[in-house]
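Report on the structure given below.
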Amino acid sequence: MKKKLVILTGAGISAESGIKTFRDSDGLWEGHDVMEVATPEGWHKNQELVLDFYNKRRQQLKEVNPNLGHIILAELEKDFDVQIITQNVDDLHERAGSTNVLHLHGELLKARSTQNKNLILDWTEDLLTGDLDTNGHQLRPHIVWFGEEVPALEEAIDITETADYFAVIGTSLQVYPAAGLISYTPSTTPVFYIDPKPISIPNLRNKIETIAKFASEGVSDLREKLLILEKTT
1 MKKKLVILTG
11 AGISAESGIK
21 TFRDSDGLWE
31 GHDVMEVATP
41 EGWHKNQELV
51 LDFYNKRRQQ
61 LKEVNPNLGH
71 IILAELEKDF
81 DVQIITQNVD
91 DLHERAGSTN
101 VLHLHGELLK
111 ARSTQNKNLI
121 LDWTEDLLTG
131 DLDTNGHQLR
141 PHIVWFGEEV
151 PALEEAIDIT
161 ETADYFAVIG
171 TSLQVYPAAG
181 LISYTPSTTP
191 VFYIDPKPIS
201 IPNLRNKIET
211 IAKFASEGVS
221 DLREKLLILE
231 KTT
């Protein structure tokens, strides 16, 4: 039986494909204050701005491809029972071939009703004012904005609690509640932390190995370390 490998990914892995993050640019995301385009208040203040912002992100996603980091994680399914929990809203993990991906913060290629959070539609083109659900309510991006609950969190916790190995890749571990997932790993589970600028993780019970590299290079190292562990256990 394959060991359970649970992987938490963040913006760092998608950045290598050309998707810009906001954490590296003074809180601005593609020139916008994140509070204007990624909060319920921003939506109510200027719906057109928010729709346009995500339309541009959706178009950008069509112009980029999975990188080596995404591809290696997909290939790890040959040797492990891999479950990816991602903070990213792109579909690069799926396009690389990963078959078990849980999106904590929503998905860019989906839209949902403003009145029924469970009414979710696939949406690959521009989303406009006047695009309505079957009951006549405006559709919004299927994104978990700052200040909103994370519906997939309980499922992510359940998955994390089953991990034989746990890896954190390309996330600053600053955005909660996602950053708190690491504390739900079984105490005997080895943890791997891949980030070019790793931070210290206080009060972690687990043995942790830090790989201070960008995602693609670090994931390659991770694969080697995991396969060695499998041979020696």
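Be aware that the sequence shown starts at 1, since it is given in UniProt numbering, and climbs by one per residue. Cβ coordinates follow ideal geometry from the N, Cα and C atoms, glycine included.
Run of the beta strand (DSSP E) containing residue i, from where it starts to where it stops
i: H142; result: 139–143
i: D133; result: Neither: D133 is in no beta strand (DSSP E) and is coded neither H nor E.
i: I120; result: 120–122
For residue i, the nearest candidate out of the options (CA to CA)
i: L61; options: I71, I19, E36, L68; result: I19
i: G139; options: E154, L121, L153, G106; result: The sequence as given places Leu at residue 139; Gly does not occur at that position. Checking every option, the nearest Cα to that of L139 belongs to L121.
i: L227; options: F80, G42, E217; result: F80
i: G10; options: I84, R57, M1; result: I84
i: D164; options: L108, L73, T188, I201; result: T188
i: N206; options: T185, E217, L222, A212; result: T185
i: N203; options: I194, S183, V191; result: S183
i: N55; options: T210, V37, A74; result: V37
i: E155; options: A15, W29, T232, H105; result: H105
i: G42; options: L73, K3, E77, P141; result: P141
i: I157; options: T86, F53, Q47; result: T86
i: E75; options: N100, L51, P190, T171; result: N100
i: L51; options: K2, E30, T129; result: T129
Rounded separation between residue i and residue j - CA only
i: K45; j: T39; result: 10 Å
i: L181; j: D133; result: 34 Å
i: E94; j: G136; result: 31 Å
i: K117; j: V34; result: 22 Å
i: L102; j: W145; result: 17 Å
i: D131; j: W123; result: 11 Å
i: L108; j: P196; result: 26 Å
i: L49; j: E224; result: 45 Å
i: A212; j: A179; result: 18 Å
i: N13; j: I71; result: Before going further, note that residue 13 is Ile rather than Asn in the sequence given. So the two alpha carbons sit approximately 11 Å from each other.
i: E63; j: A215; result: 20 Å
i: Q59; j: F166; result: 33 Å
i: G147; j: T233; result: 43 Å
i: T160; j: V82; result: 11 Å
i: K78; j: G97; result: 11 Å
i: A15; j: P198; result: 16 Å
i: L92; j: G69; result: 10 Å
i: W29; j: M1; result: 43 Å
Residue i - partner residues in DSSP beta bridges
i: Q83; result: V6
i: G106; result: I143
i: F166; result: V6, V191
i: D90; result: Per DSSP, none; premise fails for D90.
i: V101; result: I84
Expected contact under 8 Å - CB spacing of residue i and residue j to nearest Å
i: P66; j: S17; result: 6 Å
i: I143; j: V89; result: 6 Å
i: L127; j: A111; result: 5 Å
i: I7; j: I169; result: 6 Å
i: L222; j: I194; result: 6 Å
i: F192; j: E217; result: The Cβ separation is near 13 Å, so there is no contact.
i: K4; j: T162; result: 5 Å
Residue span of the alpha helix (DSSP H) that contains residue i, given as start and end
i: T210; result: T210 -> not in any alpha helix (DSSP H); beta strand (DSSP E) instead, spanning 208–211.
i: D158; result: 153–160
i: E16; result: Unbroken run through E16: none, as it is neither H nor E.
i: Q115; result: No alpha helix (DSSP H) holds Q115; DSSP gives it neither H nor E.
i: F69; result: First, the amino acid is wrong: residue 69 is Gly here, not Phe. It spans 68–75 - the alpha helix (DSSP H) in which G69 sits, taken as one unbroken run.
i: I228; result: 215–232
i: P40; result: 40–45
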